[in-house]
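Colleague: Input: one structure, supplied below.
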Amino acid sequence: MKFDWLETKRKQYLPWYIVFNLLTFLAILAAVIVLIILSLGFDFLEYVAVSLLAVVVIFSLIYIGLKIENKFIK
1 MKFDWLETKR KQYLPWYIVF NLLTFLAILA AVIVLIILSL GFDFLEYVAV SLLAVVVIFS
61 LIYIGLKIEN KFIK
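Read in order, the letters of the sequence shown are residues 1 to 74 in this note's numbering.
So this is what it looks like as structure tokens:
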């Protein structure tokens, strides 16, 4: 019975894992863009770059949390 409940939960949360994997890919892409912007040295885009870097950190923490939770569910 316990395994059936876990399988139901996995199927229920599967779209969210797909979404977070996609967001993680986009966060990595944003990090590359941030590095390019910072290397070009545009002063007015540094605020945008720091904001994107903050978003990357937030999504990375969420992604790591989901991976840890997934290991405990298994």
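Backbone N, C-alpha and C fix where the C-beta goes; we use that ideal spot for every residue, glycine too.
(1) Using the C-alpha atoms, what's the distance from residue 52 back to residue 61?
(2) Let me confirm a value: residue 48 is counted as buried when at least 16 other C-beta atoms fall within 10 Å, else exposed. Which label applies?
(3) Given this structure, state the Cα-to-Cα distance separating residue 31 from residue 24, to the nearest angstrom.
Modeller: If we stick to the structure as given:
(1) The residue you call residue 61 lines up with position 61 of the sequence shown. The residue you call residue 52 lines up with position 52 of the sequence shown. Taking the straight line from one Cα to the other gives about 14 Å.
(2) Translated into the one-based positions of the sequence shown, residue 48 becomes position 48. When all chains shown are included, residue 48 counts as exposed.
(3) As a first step, residue 31 is located in the sequence shown; it is residue number 31 there, counting from the start. As a first step, residue 24 is located in the sequence shown; it is residue number 24 there, counting from the start. Rounded to whole angstroms, residue 31 to residue 24 spans 10 Å at the Cα level.
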